[in-house]
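Numbering (our numbering), first residue to last: 13 to 261.
Structure record follows, encoded as structure tokens.
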């Protein structure tokens, strides 16, 4: 017979009730998340016509790692382990920016693979369009995940489901997926124009679904602000969709 204390601690981490609450709250966002992951993986295994060998190798390794981080951090969120989600989320971000760094500096991939050359976080941020905002996001994540007092603000052994926090963290997760997709889009457009045209429609469909995920999460957190933004962008149809599916108490 299983020790009752062991059973209790296992239940606190892996209790089905937490997962049921999580999935019930996310509803169709869960399926859209997995569609996004599936599409990212589908793109990553493609052989691109004009892609250099070292860049291809680096791209495949980095994107594969990102996929694993995105799924692992999603599982942490499902378990209510918010701090652990953020640790993996930062890893996802670092690798997404590493991919962007190599898009801008493809000749660096050989040295990175053969000699283990280090690409520091600040170097990765320099390849981005908005380095100031990227540094702000990165610093905020570091404050939470490093072993200082700020990183111990909400420790709960076994995790805890908090719907507003789920919506906030999940929306950031979707932003990371969109950023990754934009870089994969850039790579395919650069190295394989035929494949870029072949996947253009699917790119649009998946991106649209991920944006719907983002709108839902933001609407649940702040419906008035979200409606205002959508209205300013002439997205009244999205407002109607959100109001028809989600009742805000």
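Virtual Cβ for every residue (Gly too), placed ideally from N, Cα, C.
With respect to residue 227, residue 242 sits close: the two C-beta atoms are nearer than 9 Å. Taking the C-beta atoms as reference points, residue 233 is found nearer than 9 Å to residue 183.
Remark: fewer than three beta-carbon pairs, one from each stretch, lie closer than 8 Å, so the segment 86-93 and the segment 126-146 are not flagged as touching.
A contact is defined here as three or more CB-CB pairs under 8 Å, and the segment 95-111 meets this definition with respect to the segment 184-196. Under the three-state reduction of DSSP output, residue 258 falls in the coil class, being neither helix nor strand. Per DSSP, residue 199 is one residue of the alpha helix (DSSP H) stretching across 175-203. Assigned with DSSP and collapsed to three states, residue 130 falls in coil, not helix or strand. When secondary structure is reduced to three states using DSSP, residue 18 falls in the helix class. Taking a cut-off of 8 Å for Cβ pairs, the segment 71-81 and the segment 48-56 touch, as three or more such pairs fall below it.
Setting aside the 5 residues that flank it on each side, residue 123 is surrounded in the same chain by 129, each with a C-beta closer than 7 Å to its C-beta; the list follows chain order. Secondary structure note for residue 62: it is in no alpha helix (DSSP H), with a DSSP letter that is neither H nor E.
DSSP, reduced to helix, strand and coil, places residue 39 outside both helices and strands of the structure shown, so it counts as coil. Under the three-state reduction of DSSP, residue 57 is assigned to coil, being neither helix nor strand.
Residue 138 and residue 147 have their C-alpha atoms roughly 10 Å apart.
Pairing residue 65 with residue 180, the inter-Cα distance amounts to about 39 Å. The segment 190-207 makes contact with the segment 111-120; the number of CB pairs closer than 8 Å reaches 3 or more. Judged by their CB atoms, residue 215 and residue 193 are nearer to each other than the 9 Å cut-off. Taking the C-beta atoms as reference points, residue 83 is found no nearer than 9 Å to residue 72. With a contact defined as Cβ atoms closer than 8 Å, residue 189 and residue 222 qualify at about 6 Å.
Around the Cβ of residue 30, a 10 Å sphere holds 16 or more other Cβ atoms; the residue is buried.
Secondary structure within the segment 72-131: the alpha helix (DSSP H) runs of 4 or more consecutive residues, fully enclosed, are 94-116, 121-127 (chain order). For the pair residue 34 and residue 45, the Cα-to-Cα distance works out to about 14 Å. Ranked by how close their Cα comes to the Cα of residue 38, the residues 237, 177, 106, 244 have 177 in first place. Contact annotation, residue 251 with residue 239: C-beta distance approximately 5 Å; criterion of less than 8 Å satisfied. With fewer than 16 other beta carbons inside 10 angstroms of its own, residue 144 counts as exposed. For the options 15, 255, 126, 67, the alpha carbon positioned closest to that of residue 203 is the one of 67.
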